[in-house]
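Trainee: Here it is: the structure, laid out below.
In my numbering, the protein residues as written are 287 to 417.
Pasting the structure below:
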């Protein structure tokens, strides 16, 4: 059996400023799971619902840090939530613990995630407004 392929065209790459590692954002759960399988990590349980998901993984002989972020519901609030989780993983890895570093990093990650966020279908925005 061949090794699963990295879903390159669906991954939105972000080189993390000032810290080692790469962040890849996915906006469909199937693409997020394909990335996990390509890295020999078990995919998420299809019976569990996640609005989003963030993970920190090590890759290769040199222990390169890879951060995967999935935004599956496409809501800005989920985008913000997962940006904070990614920021927490990065800060934990490098030993950064000051609030200002965390705030600027979370902002930078959120900006990247939000810039690629697909537009919500009208039905979803009406539902969120209670219409």
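Glycine included, every Cβ here is placed at the ideal spot set by N, Cα and C.
Residue 294: buried (16+ other C-beta within 10 angstroms of its C-beta) or exposed?
Mentor: Walking along the chain shown from the start, residue 294 turns up at place 8. By the neighbour-count rule (16 or more Cβ atoms within 10 Å), residue 294 is not buried but exposed.
Trainee: Can you look up residue 384 in the DSSP assignment and give me helix, strand or coil?
Mentor: Residue 384 sits at position 98 when you count from the first residue of the chain shown. Coil.
Trainee: Taking the C-alpha atoms as reference points, what is the distance between residue 426 and residue 296?
Mentor: No statement about residue 426 is possible, as the shown extent of the chain runs from 287 to 417 and does not include it.
Trainee: Judging by CA-CA distance, which residue of 365, 316, 383 is the nearest neighbour of residue 393?
Mentor: What you label residue 393 is simply residue 107 of the chain shown in a count that begins at 1. Answer by Cα proximity: 365.
Trainee: Would you mind reading off the limits of the beta strand (DSSP E) that contains residue 312?
Mentor: By 1-based counting over the chain shown, the position of residue 312 is 26. Where residue 312 is concerned, the enclosing beta strand (DSSP E) stretches over 308-312.
Trainee: Measuring only the C-alpha atoms, how far is residue 345 from residue 381?
Mentor: Start at 1 with the first residue of the chain shown, and residue 345 comes out as number 59. Start at 1 with the first residue of the chain shown, and residue 381 comes out as number 95. Between residue 345 and residue 381, the C-alpha separation is close to 20 angstroms.
Trainee: Taking the C-alpha atoms as reference points, what is the distance between residue 303 and residue 370?
Mentor: Against the chain shown, residue 303 aligns to sequence position 17. Against the chain shown, residue 370 aligns to sequence position 84. Between residue 303 and residue 370, the C-alpha separation is close to 15 angstroms.
Trainee: Which residues in the same chain have their Cβ closer than 8 angstroms to the Cβ of residue 403, if we skip the five residues on either side of it in sequence?
Mentor: Taking the chain shown and counting its residues from 1, the one referred to as residue 403 is at position 117. Once the five neighbours on either side are set aside, the close Cβ partners of residue 403 are 313, 357, 360, 362, 365.
Trainee: DSSP three-state label for residue 361, please.
Mentor: In the chain shown, residue 361 corresponds to position 75, counting from 1. Coil, per DSSP.
Trainee: Express the C-alpha separation of residue 292 and residue 327 in angstroms, rounding to a whole number.
Mentor: Numbered from its first residue, the chain shown carries residue 327 at position 41. Numbered from its first residue, the chain shown carries residue 292 at position 6. Rounded to whole angstroms, residue 327 to residue 292 spans 12 angstroms at the Cα level.
Trainee: Could you have a look at residue 399 and say whether DSSP puts it in helix, strand or coil?
Mentor: Translated into positions along the chain shown, residue 399 becomes position 113. Residue 399: helix per DSSP, three-state reduction.
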